[in-house]
Amino acid sequence: MRAKREILTEEQAYSLAKKCGIFLKGLTGRKTGIIGALAATGLILGGNDGRVLWMQNLREATGQMTVDTIKKKMGIDLVMTTENIPLRDEDIVLLSDWNRPLIKNHKSILYVEHYNTNKNEYKTASKHFIKSLSE
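Number 244 marks the last residue of the sequence shown (the working numbering); no jumps.
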């Protein structure tokens, strides 16, 4: 969590990795990116932080789908409203071109909001909402 609040050095990242028995190596160009990689690893292992940028079928999935289909195609654990109410498997979600589940309590959660108040139809939550929970 410290890396979310302050700027850390590569030397600090290598030192922490060594102390924790983690092999850490920069692989591209100038061998940068190790601080972010180590921070992301710690956050995901903690199970309560992070916006998922990639998972199976995440970017390809668009249009309307049932919650059950979303869970099966993308490996999402829960689909919840912005009020933290879990959706039923038969509820319908309109997926956007910016689907970003979050990791909470070691589960991937796709947040949605109502878009058709007469039916149980939802759309993926706004970028603003997702970022407000993950920054």
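Every residue gets a Cβ at the ideal spot worked out from N, C-alpha and C, and that includes glycine.
The structure displayed is predicted, hence computed values, not measured ones.
Cβ-Cβ distance between residue i and residue j below 8 Å
i      : j      : result
Ile185 : Ser217 : yes
Ile201 : Asn227 : no
Val161 : Ile212 : yes
Glu222 : Thr171 : no
Leu187 : Tyr231 : no
Residue burial classification, residue i (beta-carbon count within 10 angstroms, cutoff 16)
i      : result
Leu147 : buried
Pro195 : exposed
Thr233 : buried
Arg209 : buried
Ile131 : exposed
Tyr224 : exposed
Where the beta strand (DSSP E) containing residue i begins and where it ends
i      : result
Gln173 : 172 to 175
Thr233 : 230 to 233
Alpha helix (DSSP H) segment containing residue i, residue limits
i      : result
Lys236 : 236 to 243
Glu120 : 119 to 129
Thr150 : 143 to 155
Does the contact criterion of 3 or more C-beta pairs under 8 Å hold for the stretch 164 to 178 versus the stretch 139 to 153? They do not touch, by the three-pair rule.
Of all the beta strand (DSSP E) runs that stay within the bounds of the stretch 170 to 224, which reach a length of 3 or more residues? Contiguous beta strand (DSSP E) elements confined to the stretch 170 to 224 occur at 172 to 175, 187 to 190, 201 to 204, 211 to 213, taking only those with 3 or more residues.
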